[in-house]
Amino acid sequence: MEFFAWCMIAAGIGMGLGSFGTGIGQGLAIKSACEGVARNPGASGKILTTMMIGLAMVESLAIYVFVVAMIILFANPFTDQVVALLAK
Amino acid sequence: MTHPFLILQWLEETIGTHVGNHVMYAWLVMIILIVLAFLAARSIKLIPNGWQNLMESVITGIEGLITDTMGPKGVAYFPMLATFALFILVSNLIALIPGFYPPTADLNTNAALALTVFVMTHFIGFKEHGIGYLKHFMGPILALAPLIFIIEVIGHIARPLSLTLRLFGNMYGHEVVLMIFIALVPFLLPVPMMLMGVLIAFIQTFVFTLLAMIYIAGALEEAH
Numbered sequence: 122m123e124f125f126a127w128c129m130i131a132a133g134i135g136m137g138l139g140s141f142g143t144g145i146g147q148g149l150a151i152k153s154a155c156e157g158v159a160r161n162p163g164a165s166g167k168i169l170t171t172m173m174i175g176l177a178m179v180e181s182l183a184i185y186v187f188v189v190a191m192i193i194l195f196a197n198p199f200t201d202q203v204v205a206l207l208a209k
Numbered sequence: 004m005t006h007p008f009l010i011l012q013w014l015e016e017t018i019g020t021h022v023g024n025h026v027m028y029a030w031l032v033m034i035i036l037i038v039l040a041f042l043a044a045r046s047i048k049l050i051p052n053g054w055q056n057l058m059e060s061v062i063t064g065i066e067g068l069i070t071d072t073m074g075p076k077g078v079a080y081f082p083m084l085a086t087f088a089l090f091i092l093v094s095n096l097i098a099l100i101p102g103f104y105p106p107t108a109d110l111n112t113n114a115a116l117a118l119t120v121f122v123m124t125h126f127i128g129f130k131e132h133g134i135g136y137l138k139h140f141m142g143p144i145l146a147l148a149p150l151i152f153i154i155e156v157i158g159h160i161a162r163p164l165s166l167t168l169r170l171f172g173n174m175y176g177h178e179v180v181l182m183i184f185i186a187l188v189p190f191l192l193p194v195p196m197m198l199m200g201v202l203i204a205f206i207q208t209f210v211f212t213l214l215a216m217i218y219i220a221g222a223l224e225e226a227h
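Here you go:
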């Protein structure tokens, strides 16, 4: 049973760490974009497009962590083996 | 972790088609798009009204984005990119109706879309440059070419992977969050999350289409 408890902890802590770094990165990107728009409002369209691509790139890191967390929680490949061991 | 009652899942079990939820909902999205196209193109007038007006503004927006990102050369690939945009947008937005499941919240649909982009990118590259397209993978110095080639190939394989997982993670994550909120407090609390779902639907469509454009534009330009 301890295996599943550790799975929960790993998924939770992993998601937290993943979103921690991603949050800082996205915040920096948005800060620079805001400064850019404030200095040159005429370029807001291009800045928005570039920022969106950048944000999507940064965000995909958190998304990978999310996918891994979901695999750990709902589609763990070792579940069958652990259950078989427990049943012994 | 999806909606507890899916209309097309019930329909599928009743008819017994055995194709999976995401395929059924992808077909529904196709039917919606075909009906929309039929309504818009039924009677094309010089001064548009009704459906034609709506679709014209959508199409003009996508075309403007393509000319902005890819230049005049990119207009040739407008049909494919616009299909991606419309299909993904309708698929994402369908998630907001209770009893409907977005086909993009399934890895198979997204992998199909991303692999289409991957294959089309290289097909367009070879069509445009012939065998010289391989120079894109070689880097500037010939001596370093074997090293660069491996890195470039890994980079190109990572593209469909990231396209797939980004769209899947966003849509599936939104579904999971929504279901958890509905399980906690079913009244009014999920509404802000659904509002964010609208935003996510548009942004992910935009990002997928834009990245497809950038990849194709990268295949079109000359090797440096």
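Just so you know, the sequences run in chain order P and L.
Everything in the first sequence is counted per my numbering, starting at 122 for the first residue and increasing by one.
Everything in the second sequence is counted per my numbering, starting at 4 for the first residue and increasing by one.
Ideal Cβ placement from N, Cα and C applies to all residues, glycine included.
Note that the coordinates shown come from a computational prediction; the quantities given were computed from them, not determined experimentally.
Within chain P, the residues that residue i reaches when beta carbons sit closer than 9 Å
i, result
"L:Leu213", "Thr170, Met173, Ile174 and Ala177"
"L:Ile206", "Met173, Leu176 and Ala177"
7 Å Cβ cut-off: residues of chain L touching residue i
i, result
"P:Ile184", "Leu168, Arg169, Gly172 and Asn173"
Contact set between residue i and chain L, taken where Cβ atoms lie within less than 8 Å
i, result
"P:Ser181", "Ser165, Leu168, Arg169 and Gly172"
"P:Phe187", "Gly172 and Gly176"
Option in the options with minimal Cα separation from residue i
i, options, result
"L:Val22", "L:Asn111, L:Gly102, L:Ala98 and L:Ile65", "L:Asn111"
"L:Phe87", "L:Ala114, L:Ile100 and L:Lys76", "L:Ala114"
"P:Met173", "P:Ala205, P:Val188 and P:Ala154", "P:Ala154"
"L:Gly200", "L:Ile151, L:Leu96 and L:Glu131", "L:Leu96"
"L:Leu116", "L:Glu224, L:Met182, L:Arg169 and L:Leu42", "L:Arg169"
"L:Leu166", "L:Ile183, L:Ala186, L:Tyr218 and L:Gly133", "L:Tyr218"
"L:Gly221", "L:His132, L:Asn173 and L:Ile47", "L:His132"
"L:Leu118", "L:Leu164, L:Phe152, L:Pro75 and L:Ala79", "L:Leu164"
"P:Ala126", "P:Pro162, P:Ile193, P:Leu169 and P:Val188", "P:Ile193"
Contacting residues, own chain, Cβ-Cβ under 6 Å from residue i (five flanking each side not counted)
i, result
"P:Gly175", "Ala150"
"P:Leu182", "Thr143"
"P:Thr198", "Contrary to the premise, residue 198 of chain P reads as Pro rather than Thr in this sequence. For P:Pro198, where only same-chain residues beyond five positions count, there are no Cβ hits under 6 Å."
"L:Ala204", "Asn95 and Leu96"
"L:Phe152", "Phe140"
Beta-carbon neighbours of residue i, restricted to chain P and to distances below 8 Å
i, result
"L:Phe209", "Met173"
Neighbourhood of residue i by C-beta distance below 7 Å, restricted to the same chain and skipping five residues each side
i, result
"L:Leu213", "Thr72"
"L:Ala85", "Ile62 and Ile65"
"L:Leu89", "Leu36"
"L:Ala215", "Leu84, Phe87 and Val120"
"L:Phe1", "Residue 1 of chain L is absent from the structure shown; chain L starts at 4 and stops at 227."
"P:Ala130", "A small correction: the amino acid at residue 130 of chain P is Ile; Ala does not occupy that position in the sequence shown. Counting only Cβ-Cβ distances below 7 Å, and skipping sequence neighbours, we find nothing."
"L:Val180", "Met196"
"L:Phe184", "Leu192, Pro193 and Met196"
"P:Ser140", "Ala183"
"L:Gly142", "Ala148 and Ile151"
"L:Leu42", "Trp54"
"L:Gly102", "His6, Phe8, Leu9 and Ile10"
Same chain only: Cβ atoms within 8 Å of residue i, ignoring 5 sequence neighbours per side
i, result
"P:Gln147", "Leu176, Val179 and Glu180"
"L:Met27", "Leu11, Gln12, Leu14, Glu15 and Thr20"
"L:Ala40", "Met58"
"P:Leu138", "Val186"
"L:Phe81", "Ile65, Glu66 and Ile69"
"L:Val93", "Val32, Ile35 and Leu36"
"P:Cys128", "Ile193, Leu194 and Asn197"
Cβ-heavy atom distance, residue i to the ligand PLP, below 6 Å
i, result
"L:Leu202", "This structure lacks the ligand PLP, and indeed carries no ligand of any kind."
CB contact check: residue i to chain A, cutoff 7 Å
i, result
"L:Ala204", "Structure shown: chain A not included; protein chains present are P and L."
ask   = When you check each C-beta in the region 191-204 of chain L against every C-beta of chain P, which residues fall closer than 7 Å?
value = none
key: At least three beta-carbon pairs within less than 8 Å, the region 197-216 of chain L to the region 125-133 of chain L   = no
task = Report yes or no: do three or more beta-carbon pairs, one from the region 136-154 of chain L and one from the region 41-61 of chain L, lie closer than 8 Å?
result = Segments in contact, no.
contact_flag[the region 189-204 of chain L, the region 148-158 of chain L] where n(CB pairs < 8 Å) is 3 or more = Judged by pairs of C-beta atoms under 8 Å, the region 189-204 of chain L does not touch the region 148-158 of chain L, as fewer than three such pairs exist.
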